[in-house]
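If you want my numbering, it's the position in the sequence shown, counting the first as 1, plus 1014. Worksheet: one structure, shown below.
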Amino acid sequence: MRKGKTMINLPINGERVKIRYFEVKDYPSFLSFMLNEKSTKYLMFAEEQKTEEGAKGLFDFVVASYNTNDHIHSYAIVDEKSDIYIGSCGLSPYGDGIVECYFSINEDFLGNNFATDALKLMIQSLSDSCEVRAYCSPENSAAHAVLLKSGFANKGLSLHEHFKTEGCLFVYKK
């Protein structure tokens, strides 16, 4: 039983993917993602997190947080049948009644709509009372396509309140 407070109940099972807590067996694939410059190009990781030592620290921090009251809402996306790690997704409180979501897929699994499947599952598990947002780089056309296919509307460029960076704001249409 996990101690931390979650925004969604896990696991979430779909036809092709499942969203679950990270497990130790996911680390090699997570590390592969974090060390891949193409994969992390548009993501807001510190340079030290894109090293083996930094990625290990981040992974361990997230997994350890599951048993605390400061739960990090970052989860593994895995193949529904084999439980093989495909990528990750998560949520973060953004403001009153607003959550921000993210998703990432390991390079070997790109182009199979796994991100779209996972994002739809995650959104369906959230309360209807919250607004779901995603911010992404204006150049990240692949992420834009996933968000649009998942029912988000592109609201144009917007300043992220916490990171103070400008990006494309997408808001889920209920």
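Backbone N, C-alpha and C fix where the C-beta goes; we use that ideal spot for every residue, glycine too.
DSSP three-state label for residue i, please.
i, result
"K1055", "coil"
"K1169", "strand"
"A1060", "coil"
"S1106", "strand"
"I1100", "strand"
"K1188", "coil"
"E1037", "coil"
"S1088", "strand"
"I1112", "strand"
"D1122", "helix"
"G1068", "helix"
"L1183", "strand"
Could you give the C-beta distance for residue i and residue j, rounded to a whole number, given that I count them as a contact under 8 Å?
i, j, result
"G1089", "G1104", "Residue identity differs from the one stated: residue 1089 is Tyr in this sequence, not Gly. Between G1104 and Y1089 the Cβ distance is about 6 Å, and since that is below 8 Å, they are a contact."
"A1148", "E1175", "No, A1148 and E1175 are not in contact; Cβ-Cβ is about 14 Å, not under 8 Å."
"F1073", "F1044", "6 Å"
"K1187", "G1165", "6 Å"
Roughly how many angstroms separate the alpha carbons of residue i and residue j, rounded to a whole number?
i, j, result
"E1067", "E1051", "16 Å"
"P1107", "R1030", "27 Å"
"E1180", "C1144", "23 Å"
"H1087", "K1039", "19 Å"
"M1015", "M1058", "Annotation note: pLDDT 41 at M1015 (below 50); position unreliable, coordinate value reported separately. So the two alpha carbons sit approximately 31 Å from each other."
"G1153", "L1173", "According to the sequence shown, residue 1153 is Glu rather than Gly. Taking the straight line from one Cα to the other gives about 16 Å."
"Y1190", "L1124", "With the chain represented from 1015 up to 1188, any question about residue 1190 goes unanswered, as that position is not in the structure."
"N1023", "N1083", "16 Å"
"L1135", "Y1080", "20 Å"
"G1109", "V1146", "11 Å"
To which residues of the same chain is residue i closer than 7 Å at the C-beta, ignoring the five residues directly before and after it?
i, result
"S1155", "none"
"K1032", "P1025, I1026, V1092, E1094"
"M1021", "H1087, L1105, V1113, L1140"
"V1076", "F1036, I1086, S1088"
Residues in its own chain within less than 8 Å of residue i by CB, not counting five upstream and five downstream?
i, result
"N1168", "H1158, L1161, L1162, C1182, L1183, F1184"
"A1060", "G1068"
Go through its chain and collect everything with a Cβ distance to residue i's Cβ below 6 Å, but skip five positions before and after it.
i, result
"S1053", "F1047, E1121"
"F1128", "V1031, I1100, I1119"
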